[in-house]
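In our numbering, the protein residues as written are 1 to 87.
Below is one structure; the comments refer to it alone.
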């Protein structure tokens with residue numbers, strides 16, 4: 001009977017973890033969509049400013065989601081035989 005070396009398998013991702021810029025772009029798009037059509041262009045230009053407080057909040061929110069997704073994947077891997085440590 002063949003033995004499978006689990007350490008040679010890539011770690012599975014339970015939750016997709018896109019990069020920070022992708023998450024931030026999604027956040028900005030959702031924020032712009034909350035505004036009336038005639039205001040959306042101005043809101044998009046405003047969000048291009050790094051100094052804009054709303055931009056900072058959206059960056060913080062995107063970063064928190066990135067960390068949360070990573071934690072979910074790490075927690076799921078911790079209960080998988082091939083990736084569990086300690087105990």
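Every residue, glycine too, gets a C-beta built ideally from N, C-alpha and C.
- Taking a C-beta distance under 8 angstroms as the contact criterion, residue 23 and residue 65 qualify as a contact pair.
- In the three-state reduction of the DSSP assignment, residue 52 falls in the coil class.
- Rounded to the nearest whole angstrom, the C-alpha separation of residue 47 and residue 54 is 7 angstroms.
- For residue 4 and residue 82, the gap between their C-alpha atoms comes out near 11 angstroms.
- Short of 8 angstroms from the beta carbon of residue 7, and not among the five residues preceding or following it, lie these beta carbons of its own chain, in chain order: 82.
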